[in-house]
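Peer 1: Be aware that the sequence shown starts at 317, since it is given in the numbering used here, and climbs by one per residue. Starting off with a structure, shown below.
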Amino acid sequence: MLRIVDLFDLNHSLAGEWLSQFTYPWEALGGIGELILTLGAALDREEYDRPGEDVWISKSAVVAPSASITGPCIIGPGTEVRHNAFIRGNALVGEGCVVGNATELKNVILFDGVQVPHYNYVGDSILGYKAHMGAGAITSNVKSDKSLVVVKDQEGDLYPTGRKKVGALMGDEAEIGRNAVLNPGTVVGRHSAVYPTTSARGVIPPDSILKVSGELVPKR
317 MLRIVDLFDL NHSLAGEWLS QFTYPWEALG GIGELILTLG AALDREEYDR PGEDVWISKS
377 AVVAPSASIT GPCIIGPGTE VRHNAFIRGN ALVGEGCVVG NATELKNVIL FDGVQVPHYN
437 YVGDSILGYK AHMGAGAITS NVKSDKSLVV VKDQEGDLYP TGRKKVGALM GDEAEIGRNA
497 VLNPGTVVGR HSAVYPTTSA RGVIPPDSIL KVSGELVPKR
C-alpha cells in the first residue's frame, strides 16, 4: 500500500508518466522542480500564460491578484488560486484544483481535483486525485530533531526515505479533517479519512478512518 501504483491513478496528473519510474512516492520529491521545467517548456502557448520566470498558468485558471507564485510552477486548467495563496516554487498543480486563502505550497505535486482551500500548509508532499484537506490541516515535513524521515507501516517495517524533508503522501480521494496534522512521512491510503484535530503518523491503510484517539477502523 506504499507504492505509487497503490496510491495514485497516474492518468490524473501531468507527472503521471514521470512518477511511474519510481516505486515509492518519496523517491520523486527530489526531482519535482526539474520535472516542472521540462513539462513547462512543452506546454501549448495558446493554452498557458507565462507571467513570470518558470511559471506557467492555464488561461482557464483563476488566480487572485493577491496570490504570490514563484517558479518553477504549473497551474492547471480550471484551477482556482485564491486570495493570499503563497506558492513558493516546485509546485505542480493539476486541473480543477483549489489552492485557498492563505494556503502555502512548496515542493509538491497536486493531482487533478485536489482541494487545499483554507489555511493549509503542504510541503514536500504528493496529494492524489481529488484528495481534500480541511481548514487548517497541514503537512509537517521536518522532524523535531532534523533527522532523516523513516516511514513505518502497520507491521512495524521501516522504509528509510533518505530525506530530511518529507511531508505527506495522500492517496486518491483521501480526506483530512480540519486542523489535523500529518507528521513527517505520513502515508494516507486511497479513500481513507483522518478525523479533525488528529495528529497522524505512519501508514493509514486504504479505505480506513483514523480517529482522534488513534484508533484505526475500516471505512464503511
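We treat Cβ as the ideally placed atom computed from N, Cα and C, and that holds for glycine.
Where D469 and V519 are concerned, what is the direct C-alpha to C-alpha distance, given to the nearest angstrom?
Peer 2: For the purposes of this step, residue 469 is identified with residue 153 of the sequence shown, where counting begins at 1. For the purposes of this step, residue 519 is identified with residue 203 of the sequence shown, where counting begins at 1. Approximately 5 Å, taken between the alpha carbons.
Peer 1: Measure the CB-CB distance between V415 and I454 and report whether it falls below 7 Å.
Peer 2: Numbered from its first residue, the sequence shown carries residue 415 at position 99. Numbered from its first residue, the sequence shown carries residue 454 at position 138. Cβ distance not < 7 Å, so V415 and I454 don't count as in contact.
Peer 1: D322 by DSSP, collapsed to three states: which one?
Peer 2: Here the question's residue 322 lines up with position 6 in the sequence shown. Reduced to three states, the DSSP call for D322 is helix.
Peer 1: Starting from E343 and walking both ways along the beta strand (DSSP E), at which residues does that stretch end?
Peer 2: Here residue 343 refers to the residue found at position 27 of the sequence shown. No beta strand (DSSP E) holds E343; DSSP gives it neither H nor E.
Peer 1: With burial defined as no fewer than 16 other Cβ atoms inside 10 Å of the residue's Cβ, what is the status of N327: buried or exposed?
Peer 2: Start at 1 with the first residue of the sequence shown, and residue 327 comes out as number 11. With fewer than 16 Cβ atoms within 10 Å of its Cβ, N327 is classed as exposed.
Peer 1: Checking the sheet assignment: what are the DSSP bridge partners for H399?
Peer 2: Here residue 399 refers to the residue found at position 83 when the sequence shown is read from its first residue. Answer is none; H399 lacks a bridge partner.
Peer 1: With a cut-off of 8 Å on the beta carbons, I'd call L408 and A509 a contact; round off their distance for me.
Peer 2: For this step, residue 408 is matched to residue 92 along the sequence shown. For this step, residue 509 is matched to residue 193 along the sequence shown. 25 Å between Cβ atoms; not a contact.
Peer 1: Looking at C-alpha atoms only, which residue of E489, A447, V466 is the closest neighbour of K480?
Peer 2: As a first step, residue 480 is located in the sequence shown; it is residue number 164 there, counting from the start. Comparing Cα-Cα distances from K480 to each of E489, A447, V466, the minimum goes to V466.
Peer 1: Looking at C-alpha atoms only, which residue of S441, N423, G412, V424 is the closest neighbour of Q431?
Peer 2: Locating residue 431 in the sequence shown gives position 115, counting from the first residue. Checked all of S441, N423, G412, V424; the closest Cα to Q431 is G412.
Peer 1: Looking only at C-alpha atoms, which of D360, A357, S441, D325 sits nearest to L345?
Peer 2: Numbered from 1 along the sequence shown, position 29 holds the residue referred to as residue 345. Of the candidates D360, A357, S441, D325, the one whose C-alpha sits nearest the C-alpha of L345 is S441.
Peer 1: Where does R361 land, buried or exposed, given buried means 16+ other C-beta within 10 angstroms?
Peer 2: Taking the sequence shown and counting its residues from 1, the one referred to as residue 361 is at position 45. Counting Cβ neighbours within 10 Å, R361 comes out exposed, since fewer than 16 surround it.
Peer 1: Which term fits L421, buried or exposed, when burial requires 16 or more other beta carbons within 10 angstroms of its beta carbon?
Peer 2: Taking the sequence shown and counting its residues from 1, the one referred to as residue 421 is at position 105. Its Cβ being crowded by 16 or more others within 10 Å, L421 is buried.
Peer 1: By how many angstroms is the C-alpha of L335 removed from the C-alpha of V321?
Peer 2: As a first step, residue 321 must be located in the sequence shown, where it is residue number 5. As a first step, residue 335 must be located in the sequence shown, where it is residue number 19. The alpha-carbon atoms of V321 and L335 are separated by roughly 9 Å.
Peer 1: May I ask you to report which of helix, strand or coil DSSP gives G394?
Peer 2: As a working mapping, residue 394 is identified with position 78 in the sequence shown. Reduced to three states, the DSSP call for G394 is coil.
Peer 1: For H448 and I492, which I take to be in contact (beta-carbon distance under 8 Å), what is that distance rounded to the nearest angstrom?
Peer 2: In the sequence shown, the residue the question calls residue 448 occupies position 132. In the sequence shown, the residue the question calls residue 492 occupies position 176. Right, the Cβ-Cβ distance comes to about 7 Å (below 8 Å), so this counts as a contact.
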